[in-house]
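Residues in the sequence shown are numbered consecutively from 1357, following this note's numbering. C-beta: ideal position from N, C-alpha, C; glycine also.
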Amino acid sequence: MAGSPFSGVHPQAIVDPAARIADDVTIGPWSYIGPDVEIGEGTEIMSHVVVKGPTTIGRHNRIFQFSSVGEECQDKKYQGEPTRLVIGDHNVIRESCTIHRGTIQDKGETRIGSHNLLMAYVHVAHDCVVGDNTILANCSTLAGHVHVGDWAILGGGTMVHQFCHIGAHSMCAGGSIVLKDVPAYVMASGQSASAHGINVEGLKRRGFAREDIDALRRAYKVIYRQGLTLKQAIEMLEQDSVEIAVVKLLVDSLKIATRGIVR
């Protein structure tokens, strides 16, 4: 733990004695690890990284140079409250990413799951929740309170408005400006983003059964091709197809939309 002469901590790194660091963590030169930081086993912090707390980082993560992790947020309502950042396991956080802690106006916590890839210059604002196995490509930006579901992909330069939900297995093309929720499995693109079908190729790569993909295609037509309101589409899907697990996940992502969905 902190206070020991870890062989993996470069002598030019600054590690606060109050930080809790697993014995096999490596920390590069000119990085700063503040108090109220916990870093799990096998995690690698490159040079010139700043980690402030309260922040918990799990096992076997790799955080590249010039990233700022666990800094206080940019919300003007923030008054120094002890909010948190929690990062899971096996994430790759590339150069110059910025990840901020939460606010007491939400749950007081920003959370990133496991097995995610955050490419260079990604920004994750206060109170965001990022699931597992996501890819946020270069310069993607999440405003406050954004939720990103498992296996979602944001193309380079995607900008997501605060309080939006990006559904599981969805995909946003590079340069998209997302002002409303992207339902699960849906592809979106544009400024502002609109829906462009089901993420079929992504689902095939993940081993989804053909009948499940076909069911999602039919559900997409109900939502987007029959001139129904969102409420009417949900009711129709619940009557006809909600017993299919993949459709239920899609319907659930529609039900939580507070800003409407991309059209």
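Report the three-state DSSP secondary structure of residue i (helix, strand or coil).
i, result
"R1467", "strand"
"T1571", "Note on identity: in this sequence residue 1571 is Ala, with Thr being the wrong assignment. Three-state result, A1571: helix."
"A1549", "strand"
"A1358", "Per-residue confidence for A1358 stands at a pLDDT of 43, beneath the threshold of 50, marking its modelled position as unreliable; the derived number appears in the next sentence. Here A1358 sits in coil by DSSP."
"V1478", "coil"
"S1597", "coil"
"V1618", "coil"
"E1451", "coil"
"I1413", "strand"
"R1566", "helix"
"E1427", "strand"
"V1502", "coil"
"V1353", "A question about residue 1353 goes unanswered here, because the residues of the chain that appear run from 1357 up to 1619."
"L1584", "coil"
"I1491", "strand"
"I1590", "helix"
"I1443", "strand"
"I1612", "coil"
"V1602", "helix"
"I1460", "coil"
"V1607", "helix"
Which residue's Cα is closest to the Cα of residue i: the options?
i, options, result
"I1468", "Y1477, P1391, E1451 and D1488", "D1488"
"G1553", "G1616, F1564 and A1540", "A1540"
"I1460", "R1450, E1427, Q1435 and V1442", "Q1435"
"H1525", "G1563, I1533 and G1546", "G1563"
"Q1368", "H1501, I1389 and I1395", "I1389"
"F1519", "L1510, T1490 and A1481", "A1481"
"Q1547", "L1605, A1529, R1440 and N1555", "A1529"
"G1464", "R1450, S1470, R1440 and C1429", "R1440"
"V1393", "E1400, D1379, I1383 and I1413", "I1413"
"A1575", "D1596, R1615 and G1616", "D1596"
"I1370", "E1557, I1419 and G1384", "G1384"
"K1611", "R1566, R1573, H1521 and L1535", "H1521"
"A1551", "E1557, D1568, A1571 and I1579", "I1579"
"A1374", "L1606, A1499, T1411 and E1437", "T1411"
"I1455", "V1407, T1490 and I1569", "V1407"
"P1438", "G1444, K1432 and R1457", "R1457"
"V1442", "K1604, R1415 and A1499", "R1415"
"G1500", "G1513, L1605, L1473 and H1517", "H1517"
"T1490", "T1497, V1502 and H1471", "H1471"
"L1572", "K1433, K1536 and V1607", "V1607"
"D1568", "M1527, M1592 and V1598", "V1598"
"Q1430", "G1513, L1498, L1492 and P1391", "L1498"
Check the C-beta distance from residue i over to residue j and give it rounded, since I have them as a contact under 8 Å.
i, j, result
"N1447", "N1417", "5 Å"
"S1423", "S1403", "About 11 Å; that fails the 8 Å criterion."
"V1618", "V1538", "5 Å"
"I1395", "V1381", "5 Å"
"V1330", "C1453", "Within the shown structure, residues of the chain are numbered from 1357 to 1619, placing residue 1330 beyond reach of any answer."
"G1409", "G1426", "6 Å"
"D1483", "T1466", "6 Å"
"G1511", "S1532", "7 Å"
What are the start and end residues of each continuous beta strand (DSSP E) run of 3 or more residues lying completely inside the region 1362-1403, in chain order? 1393-1395
Going residue by residue through the region 1504-1563, where are the continuous beta strand (DSSP E) segments of at least 3 residues, counting only ones entirely within it? 1542-1546 and 1549-1554
When you compare the region 1585-1595 with the region 1499-1517, are there three or more beta-carbon pairs, one atom per stretch, that lie closer than 8 Å? no
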